[in-house]
Amino acid sequence: MSFDRNLLPDPVAYYEAQGLKLTGPNRAKWKTTECRFHGGSDSMRINTQTGAFCCMAGCGARGGDVLAYEMATSGLEFIEAAKALGCWVENGKPQAITRPTTLSPRAALELLAIEVGVVLAAAAMARQGPLTPDNFDRLLTASARIQGVQREFA
Ligand SMILES: [Zn+2]
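Heads up: the sequence shown at position 110 corresponds to 115 in the numbering used here, and the numbers run straight through without jumps.
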């Protein structure tokens, strides 16, 4: 049983699945969005590569990755938040798949949005050249999760 950082959702896909609009130049590593912790409309900076977030209005909201954001917004403990994001692995399989009954329809939709983002990102990368083994594994994981949701709700 362990947390697998490689299974964390893509930061952009994750934050967009939370309904946040990320603004800023296309190539910019840090994007701007609303801070839901204190209600600021454009004070939150999000790192699109690491998922780190930091409120520039000084409300104290900050963290190093999407897991920290998930914990801060949901109030879940580390392990529960990791399970919610599908990056808590037991017996070699992400928990969100092996225990689909824990998925509410809303959580399933969010999971789908995140994993579809992963698939699209992989498709974009594949146009530049062969996927690395890590990225290919992540693509397979996304595919398995999408099929898992389909099996549960079909
Ligand atoms: Zn704030």
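Cβ atoms here follow ideal geometry from the backbone N, Cα and C, with glycine treated the same way.
- The DSSP assignment places 110-133 as complete runs of the alpha helix (DSSP H) inside the segment 109-139, in order along the chain (cut-off: 4 residues).
- Shortest gap from the CB of G45 to any heavy atom of ligand 1: under 7 Å.
- The DSSP-derived three-state label of F58 is strand.
- Using a cutoff of 7 Å, the CB of A57 does not count as near ligand 1, since none of the ligand's heavy atoms is closer than that.
- Annotation for A66 indicates a beta carbon within 7 Å of some heavy atom of ligand 1.
- Secondary structure of F8 (DSSP, three-state): strand.
- Annotated as distal: L145 and C92, with beta-carbon spacing of 8 Å or more.
- A Cβ-Cβ separation of about 6 Å places P14 in contact with V71 under the 8 Å criterion.
- Here N31 is not bridged, per DSSP, to any residue.
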